[in-house]
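Chemist: Just so you know, we're using the numbering used here here: the sequence shown kicks off at 202 and counts up by one.
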Amino acid sequence: ASSLLVKLLISSSKFEEARNNCLMILSNLGEEFPVQVSLPIALSEISSMQIILRNVSKDQIKSLPVMVDKDKIAAMKFLNLLCMCSVISKHLMLPLLSSRM
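1. Classify Val-267: buried if its beta carbon has 16 or more other beta carbons within 10 angstroms, exposed otherwise.
2. Would you decide whether Ser-287 is buried or exposed? Buried here means 16 or more other CB atoms lie within 10 Å of its CB.
3. Exposed or buried, what is Arg-220 when buried is set at 16 or more other beta-carbons lying within 10 Å of its beta-carbon?
4. If distances are taken between C-alpha atoms only, which option among Ile-247, Ser-213, Leu-205, Ala-276 comes closest to Pro-296?
5. In whole angstroms, what is the alpha-carbon distance linking His-292 and Ser-264?
6. Do you know offhand how far Ala-275's Cα is from Ser-203's?
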């Protein structure tokens with residue numbers, strides 16, 4: 202039901218409200234994000250991801266086990282919805298979301 206509300210808000214161009222709903226749900230699922238993201242925070246996250254992924258091959262990523270944790274699967278759903286909001290507004294949030302996915 203929560204994902205339907207977020208999708209409705211997105212389709213109604215109520216991106217801030219949709220984003221806030223996603224952030225609240227993700228917080229309840231154990232995924233905390235800052236409400237405001239600055240350029241230095243986004244750049245730091247990109248740099249950290251580059252270092253972590255530098256020696257990881259596509260085959261290593263493909264061979265990861267299937268996710269079975271229901272909370273993590275739900276979090277991924279809301280991270281995806283939050284990405285949809287962030288592409289349109291709050292672009293600086295994308296590096297933080299990507300690193301969690």
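Glycine is no exception: its CB is placed at the ideal position from the N, C-alpha and C atoms.
Modeler: With the given structure in hand:
1. Within a 10 Å sphere around the beta-carbon of Val-267 sit fewer than 16 other beta-carbons, which makes this residue exposed.
2. Label assigned to Ser-287: buried.
3. Counting Cβ neighbours within 10 Å, Arg-220 comes out buried, since at least 16 surround it.
4. That would be Ile-247, whose Cα lies nearest to the Cα of Pro-296.
5. Cα-Cα distance, rounded: 30 angstroms.
6. Each residue's CA atom was taken as its position, placing Ala-275 and Ser-203 some 11 angstroms apart.
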